[in-house]
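What follows is one structure encoded as structure tokens, with my remarks underneath.
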Amino acid sequence: MIIVMEHSAGASQIAAVIAALEGRGYSTHLSAGEERTVIGVIGDGRPIDGRQFEALEGVEKVMPVLRPFKLASREMQPQNTVVALNGVKVGGPQVVLIAGPCSVESRSQLLETAHAVKEAGASALRGGAFKPRTSPYSFQGMGEAGLELLAEARAATGLPIVSEAMSPEQVPLVARYADVVQIGARSMQNFALLRAAGLSGRPVLLKRGMMATIEEWLMAAEYVLAQGNPRLMLCERGIRTFEHYTRNTTDINAIPVVKHLSHLPVLLDPSHSTGRWTYVTAVARAGVAAGADGLMVEVHPRPDEALSDGGQSLTPERFARLVTQVRALAEAVGRRVPEAK
Ligand code: PEP
Ligand code: MN
24 MIIVMEHSAG ASQIAAVIAA LEGRGYSTHL SAGEERTVIG VIGDGRPIDG RQFEALEGVE
84 KVMPVLRPFK LASREMQPQN TVVALNGVKV GGPQVVLIAG PCSVESRSQL LETAHAVKEA
144 GASALRGGAF KPRTSPYSFQ GMGEAGLELL AEARAATGLP IVSEAMSPEQ VPLVARYADV
204 VQIGARSMQN FALLRAAGLS GRPVLLKRGM MATIEEWLMA AEYVLAQGNP RLMLCERGIR
264 TFEHYTRNTT DINAIPVVKH LSHLPVLLDP SHSTGRWTYV TAVARAGVAA GADGLMVEVH
324 PRPDEALSDG GQSLTPERFA RLVTQVRALA EAVGRRVPEA K
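In terms of the numbering used here, the sequence shown has 197 at position 174, counting the first letter as 1, and numbering is strictly consecutive.
Pasting the structure below:
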């Protein structure tokens, strides 16, 4: 349920409504927009009788939130969530680029990539230290040693770090080194992991499961938000279809749909979406045209030597060309890619 306050409602009236709700055992979510203040009411799933709050001073109307996701919904918070990453704002007018290798493989590989993507205009560095691999015999990531290298790359470049945690136990470790905790597609419905990420104290980047509907994805987001962590970004990374010429099928529709349903920032990962570097730039452009708040792109200095996802990784030179094109496209849709610092 949401309580929409009158335009003229003052701080004391808003506080009185919140006190009345919390006094009845509900938790509240305040969204103070420029136009109006909306108070979200979260109960325990049982229907809430809103009539009792209609008569409170300053209340304009009481409305149910019909969608199953509550905190993630636009009804609860009409204005966009903006997640700040070292001064760069995700979810605002800028289109933010996160780039780096699929996996951290070595000091030289990571530092070379970090400097190159920064120079090209990336605002954050990605790199997996714990890798979700289909085969247990494939490279599983460097673990904590990889996180240490990511921290070194941050110190050298100033780029904030995005890295995946695969289990609830890994979250505090990843959160100690990384600026953003990534939840991978295969983990999207690991509810214990989502809760741990919600409690990590770090912004979270939640990828869409390859078999997940948009609603399931937003319900996964709800788990993170329900732990009191509002700094959440969503990332579309392609879904499974019958098509085999690409690794996944980019669900471009999901970008405007989620922007409509939710206030959360939505990024696109054109690398896992396509699985082939030759298609990455075209799909990146499509994502920005569709309204994505950012892109997450895999870059490797020598893709043919990569220990994971080399086939979909751009060289630094190709990434620089992607940035040029995406920058022009962003401007065409009234957005901006931050200049390389
Ligand atoms: C990744 O970003 O490194 C990754 C494993 O992607 P996904 O979870 O989308 O497959
Ligand atoms: Mn990858």
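All C-beta atoms in this analysis are idealised placements derived from N, C-alpha and C, irrespective of residue type, glycine included.
Shown here for R177: same chain residues with a beta carbon closer than 6 Å to its own, the five before and five after excluded, namely I184 in chain order. Counting only runs of at least 4 residues, the segment 252-336 fully encloses the following alpha helix (DSSP H) elements, listed from N- to C-terminal order: 277-284, 293-297 and 300-312. In the DSSP annotation of this structure, the continuous segment of the alpha helix (DSSP H) that includes Q36 starts and ends at A34 to G46. Boundaries of the alpha helix (DSSP H) harbouring A249: I237 to A249, taken from the DSSP string. The segment 137-157 and the segment 186-196 touch, with three or more beta-carbon pairs separated by less than 8 Å. A straight line joining the alpha-carbon of K230 with that of L287 spans about 13 Å.
Our two residues, E57 and T104, have alpha carbons roughly 14 Å apart in a direct line. For L120, the enclosing beta strand (DSSP E) starts and ends at V119 to G123.
Contact annotation: Q117 and R359 have beta-carbon atoms nearer than 7 Å. Two segments are said to touch when three or more pairs of C-beta atoms, one from each, lie closer than 8 Å; by this definition the segment 50-70 touches the segment 33-40. The beta carbon of S223 is closer than 6 Å to those of V194, A198 and V204 in its chain, skipping five residues each way along the sequence. Shown here for H138: same chain residues with a beta carbon closer than 8 Å to its own, the five before and five after excluded, namely A179 and T180 in chain order. For the pair P293 and V303, the CB atoms are nearer than the 7 Å cut-off. By the neighbour-count criterion, in which a residue is buried when 16 or more other Cβ atoms sit within 10 angstroms of its Cβ, T347 is exposed. About 7 Å separates the beta carbons of P226 and L108, which is inside the 8 Å limit, making them a contact pair. Counted as a single uninterrupted DSSP element, the beta strand (DSSP E) harbouring L148 occupies residues A147 to R149.
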